[in-house]
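Asks: One structure follows; several queries about it will come next.
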Amino acid sequence: ELKRLNSPECYFNYISKELLEKRDKLVQVLKECGMKPVIPDGGYFILADFSEFGDQFQSDADDMKDFKFVRHLTKEKQLATIPVTGFYTADDRHLAENYIRFCFAKKDETLDKAIEILRKLKAN
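Every position in the sequence shown, counted from 1, becomes a number in this note's numbering once 67 is added.
Take a look at the structure:
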């Protein structure tokens, strides 16, 4: 790879370009469905504020809002996301309860399916 470092064929150049395109594609659809994405400068995860959806995703469990929303997306929409409050201490979880985490380092077919699901999802 070192010999190809300054060429488009280099893995490091290729993967950066590919992930940037996937990130931008997911950011656009998150905005379209009513979420507010936090656009990362690097990595392959996006946080999205889903507070525009309100509390419409209730459950019997005494969980934070992000866990309820993630559970709804997983069970009802077959879309896997990550609840952000799981990364916080009990005292600080309230800071992240309106956010969920998306991974965009996926095969194109997988990301396209997620985008299709998200386009059908609309905030109040």
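Note that the Cβ used here is the ideal one computed from N, Cα and C, for glycine as well. It should be emphasised that the depicted structure is a prediction, and the values quoted were computed from it without experimental measurement.
May I have the straight-line CA-CA distance separating K144 from L72, to the nearest angstrom?
Replies: Their Cα atoms are separated by approximately 41 Å.
Asks: Could you work out which residue in D133, K142, D179, Y78 is closest to R90 when comparing CA atoms only?
Replies: Out of D133, K142, D179, Y78, D179 has the C-alpha closest to the C-alpha of R90.
Asks: Is the segment 94–110 close to the segment 172–188, with three or more CB pairs under 8 Å?
Replies: With the cut-off at 8 Å, the segment 94–110 and the segment 172–188 touch.
Asks: Less than 8 Å between the C-beta atoms of A115 and I149, yes or no?
Replies: Not a contact, by the Cβ cut-off of 8 Å.
Asks: Bridge partners of K103, per DSSP?
Replies: In the DSSP output, where bridge partners are listed per residue, K103 has D116.
Asks: In the DSSP assignment, what are the bridge partners of C77?
Replies: Note: C77 sits in no beta bridge, so no partner.
Asks: What three-state label does DSSP hand F169 in the structure shown?
Replies: Of the three classes helix, strand and coil, the one that applies to F169 here is strand, per DSSP.
Asks: Check this for me: beta carbons of F169 and L93, under 8 Å apart or not?
Replies: Yes.
Asks: If you count every other CB in all the chains shown that lies within 10 Å of the CB of D133, and 16 or more means buried, which is it?
Replies: Buried, since its Cβ has 16 or more Cβ neighbours within 10 Å.
Asks: Give me, in chain order, the residues of the same chain whose beta-carbon lies closer than 6 Å to that of P104; leave out the 5 immediate sequence neighbours on both sides.
Replies: Same-chain partners within the cutoff: V94, L97, I113, A115.
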